[in-house]
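Single-structure report; data block below.
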Amino acid sequence: IKLHRGILQLRGDVAVVLAYQPEGIAPSLFHTLRHLADKGFAPVLVSNAPLSDADLKRLECHCAAVMERPNYGYDFGGYRDGILHILDHATDLGRVLVLNDSIWFPLYPNCDLIDRVRQADADLYGYVMNLRKERHRSHLQSYFFAFGSRLVQAKDFGDYWRGLFISGNKNLVIRRCEIPMTEYFRAKGYSIGYRYLISDPAIALRSLAPDELMQVVHYQMRVDSGNAAALAPFAAGDPTDPAWRKKLMALGDDLKLGKYFLLAHPHLMLGKLRGQILKKDRQPMYRSQRAELLACGFGEGMAASVLEEVMARDGVMHRLPTAAGDDRARRRLQPARASRPTSERKAEVA
Numbered sequence: 004i005k006l007h008r009g010i011l012q013l014r015g016d017v018a019v020v021l022a023y024q025p026e027g028i029a030p031s032l033f034h035t036l037r038h039l040a041d042k043g044f045a046p047v048l049v050s051n052a053p054l055s056d057a058d059l060k061r062l063e064c065h066c067a068a069v070m071e072r073p074n075y076g077y078d079f080g081g082y083r084d085g086i087l088h089i090l091d092h093a094t095d096l097g098r099v100l101v102l103n104d105s106i107w108f109p110l111y112p113n114c115d116l117i118d119r120v121r122q123a124d125a126d127l128y129g130y131v132m133n134l135r136k137e138r139h140r141s142h143l144q145s146y147f148f149a150f151g152s153r154l155v156q157a158k159d160f161g162d163y164w165r166g167l168f169i170s171g172n173k174n175l176v177i178r179r180c181e182i183p184m185t186e187y188f189r190a191k192g193y194s195i196g197y198r199y200l201i202s203d204p205a206i207a208l209r210s211l212a213p214d215e216l217m218q219v220v221h222y223q224m225r226v227d228s229g230n231a232a233a234l235a236p237f238a239a240g241d242p243t244d245p246a247w248r249k250k251l252m253a254l255g256d257d258l259k260l261g262k263y264f265l266l267a268h269p270h271l272m273l274g275k276l277r278g279q280i281l282k283k284d285r286q287p288m289y290r291s292q293r294a295e296l297l298a299c300g301f302g303e304g305m306a307a308s309v310l311e312e313v314m315a316r317d318g319v320m321h322r323l324p325t326a327a328g329d330d331r332a333r334r335r336l337q338p339a340r341a342s343r344p345t346s347e348r349k350a351e352v353a
């Protein structure tokens, strides 16, 4: 492991940012680092690939520390090394935010996600919670989560990371690290919070206009072949028909219109739910999502470095909407409504 000091102080609230960019650090990562610093988090960049001298010099200007390590243990291997460094060297340590570069974040100005982390005051807070029938398998998704200061100061926190199982087998890391982590801390009495449930897009579906619902149907048929046959009759139907809408809502409640939050149609994930995270995944379904995002006008107002990478990600410079579509895009990006307590949860829909 190679450790380099940055110009920021390693104290207070700290963010561990895991990156694997062997071809060079992308501009959007610096956008993320600036946002974290603006929100009061000192970034510690953990790179699972060697850094060029030029990238290292730039990163040191945005971080409290920069770490280069082998790509062993994947994300959780890097998370562990970054957190252990913080525990050993940070002063007056507060919250610890953990995220990786499999996502673009934040997408739009005035992002309040980190503000929500603080307001929730949970011991462990994540972007999306996967609720399962077996409670021990319910877990926060691991590309963005944060530990509150009470947990960070507890012996349980250091014990967990020092004893964490690490493997070179990616599936094993997911099964032994990502999925059990939430239950590990919940079982010890720590509070768990989250911004979204995986079922929230199905709730947001109810507020879409007929033309938007039809777009969702066609999109889901492209990205989820397993449910394409069930959706085919809706693609040929009339979205203004109340019976059509009622039957479609039933499919949504059964998660037949998507069970992966970060793959939800942009009308749902970005428009109604005001999401601020987008996957960089190159699988065909995520490529379809990016094309849909741009076609529906959600590139409007997006951070410049993120938008440029989104447009170029798939080797095709997607066309942005015409001026006629811009007003709709602007309306989608108005501030979200106030949040409801989890006990009264209804998805926070714009």
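When the letters of the sequence shown are read in order and numbered with my numbering, they come out as residues 4 to 353.
Virtual Cβ for every residue (Gly too), placed ideally from N, Cα, C.
In this text the structure is predicted, and so the values were computed from the model without any measurement.
Nonlocal neighbours in the same chain, by C-beta distance under 6 Å from residue i, ignoring five residues either side
i: Ile-28; result: Asp-58
i: Trp-374; result: A query on residue 374 cannot be resolved here, the shown segment of the chain reaching from 4 to 353 and no further.
i: Leu-116; result: Gln-279
Residue span of the alpha helix (DSSP H) that contains residue i, given as start and end
i: Arg-290; result: 287-298
i: Ile-195; result: Ile-195 -> not in any alpha helix (DSSP H); beta strand (DSSP E) instead, spanning 195-200.
i: Ser-152; result: 152-155
i: Ala-231; result: 231-238
i: Leu-39; result: 30-41
i: Ala-45; result: Looking at the DSSP string, Ala-45 is not in any alpha helix (DSSP H); the run it does join, the beta strand (DSSP E), is 45-50.
i: His-3; result: Residue coverage of the chain in this structure runs from 4 to 353, which leaves residue 3 outside it and unanswerable.
i: Phe-188; result: 182-190
i: Arg-165; result: 158-165
Three-state secondary structure (DSSP) of residue i
i: Leu-276; result: coil
i: Val-120; result: helix
i: Ile-106; result: strand
i: Lys-173; result: helix
i: Val-20; result: strand
i: Lys-60; result: helix
i: Phe-301; result: coil
i: Leu-258; result: coil
i: Ala-307; result: helix
i: His-268; result: coil
i: Leu-143; result: strand
i: Pro-204; result: helix
i: Arg-361; result: Outside the displayed range of the chain (4 to 353) lies residue 361, so it cannot be described from this structure.
i: Glu-312; result: helix
i: Phe-168; result: coil
i: Ser-55; result: coil
i: Gly-318; result: coil
i: Asp-241; result: coil
i: Gly-27; result: coil
Strand pairing of residue i, partner residues [DSSP]
i: His-7; result: Val-69
i: Arg-14; result: Thr-94
i: Trp-247; result: Trp-247 is not bridged to any residue.
i: Lys-282; result: Ile-106
i: Val-99; result: Val-17, Phe-150
Presumed contact (8 Å Cβ cut-off) between residue i and residue j, rounded CB distance
i: Leu-102; j: Ala-67; result: Not confirmed; about 15 Å, so no contact.
i: Asp-104; j: Leu-21; result: 7 Å
i: Val-19; j: Val-49; result: 6 Å
i: Ala-149; j: Val-99; result: 7 Å
i: Tyr-23; j: Asn-51; result: 4 Å
i: Tyr-193; j: Leu-127; result: 6 Å
i: Leu-276; j: Glu-351; result: 7 Å
i: Gly-80; j: Ile-4; result: Contact doesn't hold; Cβ gap of about 11 Å is too wide.
Range of the contiguous beta strand (DSSP E) that encloses residue i
i: Val-131; result: 127-133
Residues of its chain near residue i, where Cβ-Cβ distance is below 7 Å and the 5 sequence neighbours each way are ignored
i: Tyr-163; result: Tyr-187
i: Asp-256; result: Ala-205
i: Ala-93; result: Leu-13, Arg-14, Val-17
i: Ile-10; result: Glu-63, Cys-64
Sequence-distant residues of its chain with Cβ nearer than 8 Å to residue i (five each side left out)
i: His-88; result: Leu-6, Val-47, Ala-68, Met-70
i: Asp-284; result: Ser-105
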